[in-house]
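Residue numbers (the numbering used here), protein chains in the order written: chain A, 35 to 414; chain B, 35 to 414.
Protein chains: 2
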Amino acid sequence: MPTMKLSLLETPCLILDEAKLERNVARMRGHLDKLGMRLRLHVKTAKSIDVARRVLRSPDDPITVSTLKEAEYFFSHGLRDILYAVGLTPNKLDHVTQLRSRGAQLSVILDNIEAARSVAAHARTAKDRIPVLIEIDCDGHRSGIVPGDPLLLAVGRTLAESGCELRGVMTHAGASYNQDTVEGIRAMAVRERDAVVHSANALRAAGLPCQVVSVGSTPTASYAEDLTGVTDVRAGVFVFFDLVMAGLNVCAVDDIAASVLASVVGHQRDKGWIIVDAGWMAMSRDRGTAKQKIDQGYGMVCDARGKLYPDLIMADANQEHGILALRPGARVTLPDLPIGTLVRILPNHACATGAQHSAYQVVRGESDEIRATWPRISGW
Amino acid sequence: MPTMKLSLLETPCLILDEAKLERNVARMRGHLDKLGMRLRLHVKTAKSIDVARRVLRSPDDPITVSTLKEAEYFFSHGLRDILYAVGLTPNKLDHVTQLRSRGAQLSVILDNIEAARSVAAHARTAKDRIPVLIEIDCDGHRSGIVPGDPLLLAVGRTLAESGCELRGVMTHAGASYNQDTVEGIRAMAVRERDAVVHSANALRAAGLPCQVVSVGSTPTASYAEDLTGVTDVRAGVFVFFDLVMAGLNVCAVDDIAASVLASVVGHQRDKGWIIVDAGWMAMSRDRGTAKQKIDQGYGMVCDARGKLYPDLIMADANQEHGILALRPGARVTLPDLPIGTLVRILPNHACATGAQHSAYQVVRGESDEIRATWPRISGW
Numbered sequence: 035m036p037t038m039k040l041s042l043l044e045t046p047c048l049i050l051d052e053a054k055l056e057r058n059v060a061r062m063r064g065h066l067d068k069l070g071m072r073l074r075l076h077v078k079t080a081k082s083i084d085v086a087r088r089v090l091r092s093p094d095d096p097i098t099v100s101t102l103k104e105a106e107y108f109f110s111h112g113l114r115d116i117l118y119a120v121g122l123t124p125n126k127l128d129h130v131t132q133l134r135s136r137g138a139q140l141s142v143i144l145d146n147i148e149a150a151r152s153v154a155a156h157a158r159t160a161k162d163r164i165p166v167l168i169e170i171d172c173d174g175h176r177s178g179i180v181p182g183d184p185l186l187l188a189v190g191r192t193l194a195e196s197g198c199e200l201r202g203v204m205t206h207a208g209a210s211y212n213q214d215t216v217e218g219i220r221a222m223a224v225r226e227r228d229a230v231v232h233s234a235n236a237l238r239a240a241g242l243p244c245q246v247v248s249v250g251s252t253p254t255a256s257y258a259e260d261l262t263g264v265t266d267v268r269a270g271v272f273v274f275f276d277l278v279m280a281g282l283n284v285c286a287v288d289d290i291a292a293s294v295l296a297s298v299v300g301h302q303r304d305k306g307w308i309i310v311d312a313g314w315m316a317m318s319r320d321r322g323t324a325k326q327k328i329d330q331g332y333g334m335v336c337d338a339r340g341k342l343y344p345d346l347i348m349a350d351a352n353q354e355h356g357i358l359a360l361r362p363g364a365r366v367t368l369p370d371l372p373i374g375t376l377v378r379i380l381p382n383h384a385c386a387t388g389a390q391h392s393a394y395q396v397v398r399g400e401s402d403e404i405r406a407t408w409p410r411i412s413g414w
Numbered sequence: 035m036p037t038m039k040l041s042l043l044e045t046p047c048l049i050l051d052e053a054k055l056e057r058n059v060a061r062m063r064g065h066l067d068k069l070g071m072r073l074r075l076h077v078k079t080a081k082s083i084d085v086a087r088r089v090l091r092s093p094d095d096p097i098t099v100s101t102l103k104e105a106e107y108f109f110s111h112g113l114r115d116i117l118y119a120v121g122l123t124p125n126k127l128d129h130v131t132q133l134r135s136r137g138a139q140l141s142v143i144l145d146n147i148e149a150a151r152s153v154a155a156h157a158r159t160a161k162d163r164i165p166v167l168i169e170i171d172c173d174g175h176r177s178g179i180v181p182g183d184p185l186l187l188a189v190g191r192t193l194a195e196s197g198c199e200l201r202g203v204m205t206h207a208g209a210s211y212n213q214d215t216v217e218g219i220r221a222m223a224v225r226e227r228d229a230v231v232h233s234a235n236a237l238r239a240a241g242l243p244c245q246v247v248s249v250g251s252t253p254t255a256s257y258a259e260d261l262t263g264v265t266d267v268r269a270g271v272f273v274f275f276d277l278v279m280a281g282l283n284v285c286a287v288d289d290i291a292a293s294v295l296a297s298v299v300g301h302q303r304d305k306g307w308i309i310v311d312a313g314w315m316a317m318s319r320d321r322g323t324a325k326q327k328i329d330q331g332y333g334m335v336c337d338a339r340g341k342l343y344p345d346l347i348m349a350d351a352n353q354e355h356g357i358l359a360l361r362p363g364a365r366v367t368l369p370d371l372p373i374g375t376l377v378r379i380l381p382n383h384a385c386a387t388g389a390q391h392s393a394y395q396v397v398r399g400e401s402d403e404i405r406a407t408w409p410r411i412s413g414w
């Protein structure tokens, strides 16, 4: 096969710098190894077996999925220990037992009595001891049972006395994304740990099993200092990182491994605009940095090799058009980028931008060579 | 094949009400017929041949695409007259001539001398008289040459004296999406028309050809009253409509044909939250109504048959979780939706929400029957 060049790709497309991916993985691995924690990779960011293989040490390593389609896909590639981390609905029960009957060690989560009864009834009918984690609410962010709520034991008993396996507890500190200091993130990591350890102890004190005690978010996983009592850590976005994570000081901008390659299609010189052929369809509509200290618009702009242009951001976007402009107050001049110039845009949110693309074009550092094309899945 | 039921679908998924689609198409067709205008359907909203077939009267009808992948897909389904309406970049020239050599009557757009030279040089080398429209800027919204700018004739001459075919001019009143009155939209329709008619006349006065004079956006197409001098109208989102269009009074909420089916997975009763299994991945991150008079969050919530719950919106979203809540100031009480209840969420922006899904589950009115599954494409 002839060598493919980045400079010859049709734009827009998604670029992945394998060297940065490896560096990000090594850092998270090093940190969790030091804490004695098992990583249960969240595959919802990359949705790619090729990326997962660069994180997992063995096909027996556990993963977390956000859809049953991810479960199907990664199971078809030989991964078996899979946690589906969205509260289970009755219309997915058949799919869950069908995946399990084919050999997937799929576990599920829920946070209420009705769901526990529904899963328990299905488990009895299907003669399948579906493993269930109870979701704990550590930060009021979304779902889960607040530590100390007697509902925990009621749900635990409903599961344990039925045909299910009560496997443990899990939580996700979604509010860690809203912290504006590293101290805030560290405090969230403590809160995340305490919430599940407290809940695990409550279950055990009531004579109920609780083998798994699971926490996870990339910010808390990155800054946790003591996870005593926890058994596994779920994190996903750290493989690529993004501008939201950089805004939280969870990574440097230079760590961001995924970017969107675009071409200059026009100029509106009187307005200070450079128009490119990547809009919100290629970047996603995610504006996660809008509520951070520095609003990066739809992304920071680099040249084709990944070197940042000072203060140049994608200031606005239409479906297939992006408007590049200097950020307000910038003291530099707009770079001269002729028609056809290639740029790379760093995303606000890697999960959202990745989802707009069907593959990664894999590069290594500043080389023009496309080393591989890794497919990724989407949908449900 | 057994009849599929909406109530048995795994969630989330994308629902399309065929009756509303037909009604929306008939209304736009009726309006454009009255104006004597040819519709050049923009297929970027639906990206589905099945939807396009319900709009087009013949395979000879013209379409507009936003990506060359759409051009490939619709051409493979027998449509030939295709306008690619994003400024052409050098890295797409080979793809354009390759599509044309296979029989696609593909035309392209550009708004500057460098691009004109690049297309002209390629046309000569490829011995392919690529038809080109010059993009006109009618509203300062994005791209194009401002009417009266001498650049128009320079670009026109560069094209006409080269191996290309200078076919005409086109514009898109993107700013029509920011109007807050019908009068404002009508004024934009006049501005859109005047900008291209003025530019067409300037080209003709200079002895240059200008066969096509094209305008388009769903708001202006819906409210235009006189398009004298225009030859075709491009519009796309009218097939489904959405909450942004309803906020502009371009449609009623009841006209919105596409919605996301979701299941209730949990409750946070003290917060007044209902958690569902459709988050921003299923809805998109589009928050287009945030800058309108009524902010609809991530969408308005209906029951499984499509009937609106008063004042219930998706107030926030994570990747695979949506938080339903009453809008601020609502005087109703939160509906009691048990675990597993199906709801349908109307999208802010049909183009963005559609792009998150690989197919439409087609229903008709309030029936539970899934009449068909129509695939849709995405990516580049």
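We treat Cβ as the ideally placed atom computed from N, Cα and C, and that holds for glycine.
Small disclaimer: the values here were computed from a predicted structure and weren't measured.
1) Across the segment 223-230 of chain B and the segment 244-252 of chain B, are there enough close Cβ pairs to call them in contact, namely three or more that are closer than 8 Å?
2) So is residue 374 (chain A) in contact with chain B if we call contact Cβ pairs under 9 Å?
3) Go ahead and pull the three-state DSSP assignment for residue 414 (chain B).
4) Rounding to the nearest angstrom, what Cα-Cα distance links residue 210 (chain A) and residue 149 (chain B) in this structure?
5) Give the DSSP-derived three-state secondary structure of residue 172 (chain A) in the structure shown.
6) Which value, in whole angstroms, describes the spacing of the CA atoms of residue 142 (chain A) and residue 239 (chain A)?
7) Residue 200 (chain B) and residue 207 (chain B): beta carbons closer than 9 Å?
8) Enumerate in chain order the residues of its own chain whose CB-to-CB distance from residue 372 (chain A) is below 8 Å, with the five nearest sequence positions on each side excluded.
9) On the three-state DSSP scale, how would you describe residue 332 (chain A)?
10) Please report the distance separating the alpha-carbon of residue 61 (chain B) from that of residue 133 (chain A).
11) Please decide whether residue 320 (chain A) counts as near chain B, where near means a Cβ-Cβ distance under 9 Å.
12) May I ask you to list, following chain order, the residues of the segment 297-326 of chain A that have a beta carbon less than 8 Å from some beta carbon of chain B?
13) If you measure from the beta carbon of residue 54 (chain B) to each beta carbon in chain A, is any gap under 9 Å?
14) Which residues in the same chain have their Cβ closer than 6 Å to the Cβ of residue 409 (chain B), if we skip the five residues on either side of it in sequence?
15) Between which residues of its own chain and residue 369 (chain A) is the CB-CB distance below 7 Å, once the five residues before and five after are set aside?
16) With DSSP collapsed to three states, give me the class of residue 48 (chain B).
17) If you count every other CB in all the chains shown that lies within 10 Å of the CB of residue 192 (chain B), and 16 or more means buried, which is it?
18) If you draw a straight line from the alpha carbon of residue 401 (chain A) to that of residue 153 (chain B), how long is it in whole angstroms?
19) Taking Cβ positions only, does residue 124 (chain A) come closer than 9 Å to chain B?
20) With 16 other CB atoms within 10 Å as the buried threshold, where does residue 323 (chain B) fall?
21) List, in order along the chain, the chain A residues whose C-beta lies closer than 7 Å to that of residue 232 (chain B)?
22) Determine, for residue 121 (chain B), whether the minimum Cβ-Cβ distance to residues of chain A falls below 9 Å.
23) Specify the secondary structure class of residue 386 (chain A) as computed by DSSP and reduced to three states.
24) Using a Cβ cut-off of 9 Å (strictly closer), state whether residue 389 (chain B) contacts chain A.
25) What's the gap between the Cα of residue 277 (chain A) and the Cα of residue 280 (chain B)?
26) Assuming residue 59 (chain B) and residue 88 (chain B) are in contact, meaning their beta carbons sit under 8 Å apart, how far apart are those beta carbons, in whole angstroms?
27) With distances taken between CB atoms, is the gap from residue 288 (chain B) to residue 81 (chain B) smaller than 9 Å?
28) Are residue 334 (chain B) and residue 386 (chain A) touching if we call contact CB-CB under 9 Å?
29) When the Cα of residue 259 (chain B) is compared with those of B:76, B:225 and B:272, which residue comes out closest?
30) Residue 413 (chain A) touches chain B at which residues, Cβ-Cβ below 7 Å?
31) Got a sec? Which residues, its chain only, sit under 8 Å from residue 112 (chain A) by beta carbon, not counting five neighbours each side?
32) Counting only beta-carbon atoms, is residue 149 (chain B) nearer than 9 Å to chain A?
33) Which residues in chain B sit within 7 Å of residue 145 (chain A), going by Cβ to Cβ distance?
34) My parser needs the alpha helix (DSSP H) runs of 4 or more residues fully inside the segment 212-259 of chain A; what are they?
35) Helix, strand or coil for residue 74 (chain A)? Go by DSSP, reduced to three states.
36) So is residue 321 (chain A) buried or exposed if we call it buried at 16+ other beta carbons inside 10 Å?
On the basis of the coordinates in this document:
1) Verdict: yes, contact present.
2) So yes, residue 374 (chain A) belongs to the interface.
3) In the three-state scheme derived from DSSP, where H, G and I count as helix and E and B as strand, residue 414 (chain B) is classed as coil.
4) Each residue's Cα considered, the two are about 46 Å apart.
5) Three-state result, residue 172 (chain A): coil.
6) Rounded to whole angstroms, residue 142 (chain A) to residue 239 (chain A) spans 23 Å at the Cα level.
7) No, Cβ-Cβ distance for residue 200 (chain B) and residue 207 (chain B) is not below 9 Å.
8) Here the set comprises 298.
9) The answer is coil: DSSP assigns residue 332 (chain A) none of H, G, I, E or B.
10) Looking at the two C-alpha atoms, the distance is approximately 46 Å.
11) Yes, contact with chain B.
12) Only 297, 298, 299, 300, 301, 302, 305, 309, 311, 314, 315, 316, 318, 319, 320 and 321 from the segment 297-326 of chain A bring a Cβ to less than 8 Å from some Cβ of chain B.
13) No, because no Cβ of chain A sits closer than 9 Å to the Cβ of residue 54 (chain B).
14) Taken in chain order, the residues that qualify are 393.
15) For residue 369 (chain A), where only same-chain residues beyond five positions count, the Cβ hits under 7 Å are 343 and 346.
16) Residue state, collapsed to three classes: strand.
17) Residue environment: residue 192 (chain B) is assigned as buried (16 or more neighbouring CB atoms within 10 Å of its CB, all protein chains considered).
18) Straight-line measurement puts the Cα of residue 153 (chain B) at about 29 Å from the Cα of residue 401 (chain A).
19) Under the Cβ criterion of 9 Å, residue 124 (chain A) is counted among the residues facing chain B.
20) In summary, residue 323 (chain B) is buried, with 16 or more beta-carbon neighbours lying within 10 Å of its beta-carbon over all protein chains present.
21) Within 7 Å Cβ-Cβ: nothing; residue 232 (chain B) doesn't reach chain A, min ~19 Å.
22) Yes, its Cβ sits closer than 9 Å to a Cβ of chain A.
23) It is helical.
24) Yes, its Cβ sits closer than 9 Å to a Cβ of chain A.
25) Residue 277 (chain A) and residue 280 (chain B) have their C-alpha atoms spaced approximately 33 Å apart.
26) That pair is a contact at about 6 Å.
27) Between residue 288 (chain B) and residue 81 (chain B), the C-beta gap is not smaller than 9 Å, which leaves the two residues out of contact.
28) For residue 334 (chain B) and residue 386 (chain A), no; Cβs fall outside 9 Å.
29) Closest in alpha carbon position to residue 259 (chain B), among B:76, B:225 and B:272, is B:225.
30) The contacting residues are 391 and 392.
31) Taken in chain order, the residues that qualify are 93.
32) Taking 9 Å as the CB threshold, residue 149 (chain B) lines the interface with chain A.
33) What residue 145 (chain A) touches in chain B: 300.
34) Along the length of the segment 212-259 of chain A, whole alpha helix (DSSP H) runs at least 4 residues long occupy 216-239 and 252-257, reported in chain order.
35) It is a strand residue.
36) Here residue 321 (chain A) is buried, its C-beta having at least 16 other C-beta atoms within 10 Å.
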